[in-house]
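Please read the structure below before turning to the comments.
Residue numbers (the UniProt record's numbering): 1 to 211.
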C-alpha cells in the first residue's frame, strides 16, 4: 500500500479503512523515527507533514492541538498524535497514529537498554557528542519556526501578545509550572470574553473591540 497523499482530505476519507489507518500509522512511523527532541519537535514535523505537505490540517488546527494536548495528562508527542489521527481519521485513526508514534521509540529504547554497556564508550566519544549538539541546535530551529508560524494565529491582538509575553516571563524568569500558566491563560481568556460580553450589552462598540 502506498502512502502517496490523496489530492484532498475528502479523497483520503474515501479510501478503505485499512489504507487510511496505514497512511496515518506509516506517517507517524517516519516522523518519530527521523525526528529527535521530544514533543515540540514532533509537533513541528507533524505540522510540516499534515499542514504544509498534505493540506489535511490548518495552522488553526495546530494551535488548537497544542492547547488541548498541553491541558490534558500524558506525553505531548503521544497526545498530539492522537489528536491528529482523530481529526483526520476518527477513532481508528487516533489509535493508528498513536501506535506509529510509540513503536519507533519503544524499539530503539529496548535496543539501547539491551546493549547500553557495550555502546557506552561510543556514545561518550567527541564525535557522537558533537552530533548530539548539532541535533539539539536543529531541534531548537524547528521549534522556533513552528512558533513563528503560530504567532499570526495565536497572538492576533494586544490580548494575545500580553498572554504570550506573560507566559514567557512566567516560565523563563519566575520558573512557574507550565500547568499553572495554562490555567492562568484559560482564566484570562474567560475573563476577556466575559468583560467583552458585558461591555457589548452596555456599549456595543466597546464590546466588539473587547471581543
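Beta carbons: idealized from backbone N, C-alpha and C, even for Gly.
### Task
Can you give me the start and stop residues for the alpha helix (DSSP H) that residue 14 sits inside?
Within the chain shown, numbered from 1, the residue matching residue 14 stands at position 14. Here residue 14 belongs to no alpha helix (DSSP H), and DSSP marks it neither H nor E.
### Message
Less than 8 angstroms between the beta carbons of residue 41 and residue 142, yes or no?
### Response
Sequence index remark: in the chain shown, residue 41 carries index 41 (1-based). Sequence index remark: in the chain shown, residue 142 carries index 142 (1-based). Cβ distance < 8 angstroms, so residue 41 and residue 142 count as in contact.
### Message
Considering only their Cβ atoms, is the gap separating residue 93 from residue 85 smaller than 8 angstroms?
### Response
Counted from its first residue, the chain shown places residue 85 at position 85. Counted from its first residue, the chain shown places residue 93 at position 93. Yes; because the gap between Cβ atoms is below 8 angstroms, this pair is in contact.
#### Entry: Same chain, Cβ closer than 7 angstroms to residue 198, five either side skipped, listed in chain order
Locating residue 198 in the chain shown gives position 198, counting from the first residue. Cβ within range, chain order: n/a, list empty.
### 6 angstroms Cβ shell around residue 43 - same chain, five flanking residues per side excluded
Within the chain shown, the letter at position 43 stands for residue 43. Here the set comprises 80.
### Task
Can you tell me which of the three DSSP states residue 2 falls into?
Your numbering for residue 2 matches position 2 in the chain shown. Caution applies to residue 2, whose pLDDT of 49 falls short of 50 and renders its modelled position unreliable; the model cannot decide the point.
### Query
Considering only C-alpha positions, which residue in the set 162, 177 and 175 is nearest to residue 189?
Within the chain shown, residue 189 is the residue found at index 189, counting from 1. For the residues 162, 177 and 175, the minimum Cα distance to residue 189 belongs to 162.
### Task
Could you name the residues of the same chain whose beta carbon sits closer than 6 angstroms to that of residue 62, not counting the 5 residues immediately before and after it, in chain order?
In the chain shown, the residue the question calls residue 62 occupies position 62. Correct list, in chain order: 47.
### Task
Grab me the residues of residue 51's own chain with a C-beta within less than 7 angstroms of its C-beta, minus the 5 sequence neighbours each way, in chain order.
Translated into the one-based positions of the chain shown, residue 51 becomes position 51. Same-chain partners within the cutoff: 57, 58, 59 and 62.
### Pairwise C-alpha distance: residue 104 and residue 12
For the purposes of this step, residue 12 is taken as residue 12 along the chain shown, with counting starting at 1. For the purposes of this step, residue 104 is taken as residue 104 along the chain shown, with counting starting at 1. Taking the straight line from one Cα to the other gives about 25 angstroms.
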